[in-house]
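Chains as they are written, first to last, in our numbering: chain A, 197 to 357; chain B, 41 to 386. C-beta atoms are modelled at their ideal positions from N, C-alpha and C, and glycine is treated no differently. Predicted model only: the values in this text are computed from it and were never measured.
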């Protein structure tokens, strides 16, 4: 084991320790950022739900309900938003891209042709929430990789000492 | 039934281990030291003499530079090789692993809007609420305990890191690393604020729910109750009202058709000038036809409606709040069951 570590190009213990310091500090900041992201998601989902509730109040209970949602037997359609994974600085990140497929369905059509303005607002808010969620997922991914790094660095330092 | 509020501040709370405390106590306390660290040393009542601006401080960026990334990759390679050599297959689980620095990660639940539980089984509901209460109490106690302790925030750790780096640059010996200092420290995520449900609202909700249930029950049992079986439908006033409604609807229908006919028959003539009698008749009939078509829809809708008279009998529910007994803001869980019992005696 020690043979590989004593090589000239492997980083020393001090370097590794400083690296560990940085990662630990970064981890703390990331944890706070994740909480902020979750707070964003929470508030926008709340806002969207209130708009949905308003449109339900305007259009009536049966007009806006789960009964209007497509069931398993209804025609297939593709998602309007999809995510793809991009690698940046060795960290996997998820990006939102608009789907350009042909059979995209506007979910507002499920509830009628002339839907109230609140429904449009709710749709916009929920679409924005996707961005927040993706942001949150990215932070989560970073947190996980950092955890791996911390584990790895500790192993390294222990093995050298 | 309490709701959880949103998080107010998203700062982590770091409860220092003895190791970290010992180190912090060796720090010279002056006005540059963040207030939380100073308080840890000097006691809770310590106040900063001059307002300290954290923003002015020169912070060492914590971003990993390319050299760091390079080193990381090297270490990664070394560790991988070691693992292979020793045949230790250590698969990193996908889920969050408890880090060795004993960082406690608690899941922060996203406070979804709790939908009001509409349980019909009151007993179990009461039990649940009791359970909730006891849990809340224990949590509150826990929170109180936590409030008393001193804690550090992430910005304090930032400062500590900067401080350590400066010390190293000055050439001081035996400067500990931040991660060794943080080892064993508790990191807690902030809790959601609990919003107590207003007891007045609660009592009102209970009452409304009981009334709703009583109404449904009355509707359900109408066909088996001899007294109420023929009650509203067979009275003269009900029949008269029904007749009136339908006559008015038909009257409106006729009037609007007649108005439409008049518009075509006379109105157009007044606007355009002299017209042939046959043409005017045709115009009038056409207008009336169009309007009749539209009106028939509304007429059908109206005639299809059942006349429902709101029940005048007193429905179940807890007594009104006027009697002062409820003004002491106490939630009485027994009220709903009483109300239902009362309804059955009707």
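Below 8 Å, too few C-beta pairs join the region 244 to 251 of chain A and the region 56 to 75 of chain B to call them touching: fewer than three. Proximity of chain A to residue 46 of chain B at the Cβ level (cut-off 9 Å) is accounted for by 235, 238, 239 and 242, in chain order.
Burial is judged here by how many other beta carbons sit within 10 angstroms of a residue's own beta carbon; residue 346 of chain B has fewer than 16 and is exposed. Identification of residues in the region 215 to 236 of chain B having a C-beta nearer than 9 Å to some C-beta of chain A yields 217, 218, 219, 220, 222, 227, 229 and 230, given in sequence order. Burial state of residue 262 of chain B is exposed, judged by a 10 Å Cβ sphere holding fewer than 16 other Cβ atoms.
One thing to note: residue 192 of chain B has its Cβ within 8 Å of the Cβ of residue 76 of chain B. Chain B has no Cβ within less than 8 Å of the Cβ of residue 311 of chain A. Beyond the five residues adjoining it in sequence on each side, residue 288 of chain B comes within less than 6 Å, by CB distance, of no other residue in the same chain. In the structure shown, the three-state DSSP call for residue 196 of chain B is helix. A direct Cα-Cα distance of roughly 26 Å separates residue 340 of chain A from residue 216 of chain B. The C-beta of residue 111 of chain B comes closer than 8 Å to at least one C-beta of chain A. Here residue 274 of chain A is exposed, its C-beta having fewer than 16 other C-beta atoms within 10 Å.
Put simply, the CB of residue 217 of chain A is near chain B, with a gap under 8 Å to one of its CB atoms. Secondary structure within the region 195 to 267 of chain B: the alpha helix (DSSP H) runs of 4 or more consecutive residues, fully enclosed, are 218 to 222 and 239 to 261 (chain order). Setting aside the 5 residues that flank it on each side, residue 111 of chain B has no residue in the same chain whose C-beta is closer than 7 Å to its C-beta. Taking a contact as a CB-CB distance under 8 Å, the pair residue 222 of chain A and residue 327 of chain A does not count as one, their CB atoms being some 23 Å apart. In the three-state reduction of the DSSP assignment, residue 273 of chain A falls in the coil class, being assigned neither a helical nor a strand state. By the Cβ neighbour-count rule, residue 201 of chain B is buried, with 16 or more other Cβ atoms within 10 Å of its own. Residue-level contact by beta carbon fails for residue 312 of chain B and chain A, as no gap is shorter than 8 Å. With its beta carbon at least 8 Å from every one in chain A, residue 341 of chain B lies outside the interface. Separation of residue 357 of chain A and residue 351 of chain A (C-alpha to C-alpha, rounded to the nearest whole angstrom) is 10 Å.
Under the Cβ distance rule, residue 264 of chain A does not count among the residues neighbouring chain B, no pair being separated by less than 8 Å.
Sequence-distant partners of residue 331 of chain A (beyond 5 residues in either direction) whose C-beta falls short of 6 Å from its own C-beta, in its chain, are 233. From the beta-carbon of residue 197 of chain B, the residues of chain A found nearer than 7 Å are 221 and 224.
Here residue 278 of chain A carries a strand assignment [DSSP, helix/strand/coil]. Contact between residue 335 of chain B and residue 290 of chain B fails: their C-beta atoms lie close to 10 Å from each other, not under 8 Å.
With fewer than 16 other Cβ atoms inside 10 Å of its own Cβ, residue 316 of chain A counts as exposed. With distances taken between CA atoms, residue 312 of chain A lies nearest to A:260 out of A:260, A:215, A:228 and A:214.
Residue pairing by DSSP places residue 283 of chain A opposite A:288 in a beta bridge. Boundaries of the beta strand (DSSP E) around residue 54 of chain B: 53 to 55. When the five nearest sequence neighbours on each side are left out, the beta carbons in the same chain lying within less than 6 Å of the beta carbon of residue 254 of chain A are those of 312, in order along the chain.
Around residue 232 of chain A, the beta-carbon contacts reaching into chain B at under 7 Å are 50. Within the same chain, Cβ atoms closer than 7 Å to the Cβ of residue 345 of chain A are found at 219, the five residues on either side in sequence being excluded. Cβ neighbours of residue 230 of chain A within its own chain (closer than 6 Å, five residues either side excluded): 335.
Close CB contacts of residue 314 of chain A within its chain, under the 8 Å cut and outside five residues either way in sequence, are with 247, 248, 250, 251 and 254 (chain order). Within 10 angstroms of the beta-carbon of residue 247 of chain B lie 16 or more other beta-carbons, which makes it buried.
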